[in-house]
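Have a look at the structure below before the remarks.
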Amino acid sequence: MKDLKNIIKDRRFLVFYDLEGTQASHEIIEIGAYKCKIDDDFHVRKIYKPFKAYVRPKHRIGHFVTKLTGISEKTIQDKAISFREMQNQFIKYLGKDKERCLFVSYGSQDGEMFIASAENNMDASMEFSRFVAKRTWDFCAFLKRYLQNPDGNPFSLERACEKFGIHFAGQAHDALADAYNLMDLYRRMLEDKETLGKAYQETLYNANKVPAPVREVLRRLSEGETISPEDFSAIIQRSLK
Numbered sequence: 013m014k015d016l017k018n019i020i021k022d023r024r025f026l027v028f029y030d031l032e033g034t035q036a037s038h039e040i041i042e043i044g045a046y047k048c049k050i051d052d053d054f055h056v057r058k059i060y061k062p063f064k065a066y067v068r069p070k071h072r073i074g075h076f077v078t079k080l081t082g083i084s085e086k087t088i089q090d091k092a093i094s095f096r097e098m099q100n101q102f103i104k105y106l107g108k109d110k111e112r113c114l115f116v117s118y119g120s121q122d123g124e125m126f127i128a129s130a131e132n133n134m135d136a137s138m139e140f141s142r143f144v145a146k147r148t149w150d151f152c153a154f155l156k157r158y159l160q161n162p163d164g165n166p167f168s169l170e171r172a173c174e175k176f177g178i179h180f181a182g183q184a185h186d187a188l189a190d191a192y193n194l195m196d197l198y199r200r201m202l203e204d205k206e207t208l209g210k211a212y213q214e215t216l217y218n219a220n221k222v223p224a225p226v227r228e229v230l231r232r233l234s235e236g237e238t239i240s241p242e243d244f245s246a247i248i249q250r251s252l253k
């Protein structure tokens with residue numbers, strides 16, 4: 013896809029990641045990530061072993077987050093490491109390829125959570141948090157160009173996977189499972205152009221800013237009709253009455 017060239021540029025590694033965070037302070041409490049090597053056509057060619065860690069926040073998790081993710085204060089007490097240690101382990105995971113990585117999330121909040129965690133952990137690296145935030149590509153916003161609800165809102169990760177016929181692996185709101193499904197969704201988007209094309213057609217038809225004559229053309233084309241220049245002129249004339 014031509015749009016990807018301007019986004020990925022000369023990066024040769026995509027790091028699909030997901031975060032779970034505290035309810036109020038938006039600090040990271042869990043991270044899951046898959047580092048992938050891509051080819052010149054942006055297809056995934058190698059998947060590295062995953063990265064996962066629970067992270068100890070400075071503030072309480074919140075009951076809503078615990079109910080959503082299953083991560084409790086006891087989970088943090090028993091399994092979590094400090095944010096600084098998570099950063100160090102994540103940097104080691106990225107290795108010598110760090111500068112050639114583009115981080116991929118599903119939503120705009122993940123990069124911001126790296127910053128929030130650094131602000132609450134003065135012993136951690138704000139420089140690395142900004143590095144991740146600056147290089148995070150919101151795949152949800154990108155996919156919304158082609159796939160969205162009739163009301164113009166983006167699909168959840170789970171629903172987007174469903175639209176592409178992907179069986180959602182694992183439990184939603186588990187960071188590593190979400191990172192895996194995001195990676196799978198990216199791969200399917202590149203490979204299944206037929207499904208993407210149909211989704212794009214529906215999105216264009218439902219778009220609020222599409223003029224009525226164009227909307228009618230799109231509808232008739234989607235129903236299998238052939239629209240000639242004369243047909244289009246007639247549609248325009250009818251719209252002016």
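In this text, residue positions in the sequence shown follow my numbering: the first is 13, and each later residue adds one.
Built from N, CA and C at the ideal position, the CB exists for glycine as well.
Helix, strand or coil at residue i [DSSP, three-state]
{"i": "Ile178", "result": "coil"}
{"i": "Glu139", "result": "helix"}
{"i": "Thr148", "result": "strand"}
{"i": "Phe167", "result": "coil"}
{"i": "Arg68", "result": "strand"}
{"i": "Arg57", "result": "strand"}
{"i": "Ile93", "result": "strand"}
{"i": "Ser251", "result": "helix"}
{"i": "Lys210", "result": "helix"}
{"i": "Ala224", "result": "helix"}
{"i": "Tyr105", "result": "helix"}
{"i": "Lys47", "result": "strand"}
{"i": "Leu155", "result": "helix"}
{"i": "Gly236", "result": "coil"}
{"i": "Tyr118", "result": "coil"}
{"i": "Gly123", "result": "helix"}
{"i": "Glu42", "result": "strand"}
Proximity of residue i and residue j at Cβ, strictly below 8 Å
{"i": "Ala136", "j": "Gln99", "result": "yes"}
{"i": "Arg147", "j": "Leu114", "result": "yes"}
{"i": "Tyr192", "j": "Gly182", "result": "yes"}
{"i": "Lys260", "j": "Glu39", "result": "Lying before the first or after the last residue shown, residue 260 is absent from the chain, which here runs from 13 to 253."}
{"i": "Lys48", "j": "Met201", "result": "Per the sequence presented here, residue 48 reads as Cys, with Lys not at that position. Contact: no."}
{"i": "Tyr217", "j": "Leu208", "result": "no"}
{"i": "Glu312", "j": "Tyr66", "result": "Any question about residue 312 goes unanswered here, given that the chain covers just 13 to 253."}
{"i": "Asn132", "j": "Arg96", "result": "no"}
{"i": "Ala184", "j": "Glu170", "result": "yes"}
{"i": "Ile73", "j": "Gln121", "result": "no"}
Anticipated Cβ contact below 8 Å, residue i with residue j, distance rounded
{"i": "Tyr118", "j": "Asp30", "result": "7 Å"}
{"i": "Phe261", "j": "Gln160", "result": "Past the edges of the chain, shown from 13 to 253, lies residue 261, and the structure says nothing about it."}
{"i": "Pro62", "j": "Gly33", "result": "Not a contact, Cβ separation roughly 19 Å."}
{"i": "Asp150", "j": "Phe176", "result": "Not confirmed; about 18 Å, so no contact."}
{"i": "Leu26", "j": "Val144", "result": "That pair is no contact at about 13 Å."}
{"i": "Arg112", "j": "Arg23", "result": "6 Å"}
{"i": "Glu228", "j": "Ile247", "result": "6 Å"}
Same chain, Cβ closer than 7 Å to residue i, five either side skipped, listed in chain order
{"i": "Gln249", "result": "none"}
{"i": "Gln101", "result": "Ala65"}
{"i": "Ile20", "result": "Phe54 and Leu114"}
Neighbourhood of residue i by C-beta distance below 6 Å, restricted to the same chain and skipping five residues each side
{"i": "Tyr212", "result": "Tyr158"}
{"i": "Ala224", "result": "Ser251"}
{"i": "Met138", "result": "Ala130"}
{"i": "Phe126", "result": "Ser141, Val144 and Ala145"}
Same chain, Cβ closer than 8 Å to residue i, neighbours up to 5 away in sequence not counted
{"i": "Ile103", "result": "Lys110 and Phe140"}
{"i": "Val56", "result": "Leu26, Cys48, Lys49, Ile50, Met195, Tyr198 and Arg199"}
- Message: For the structure I just gave you, are there three or more beta carbon pairs, one from the segment 90-99 and one from the segment 71-82, closer than 8 Å?
- Response: no
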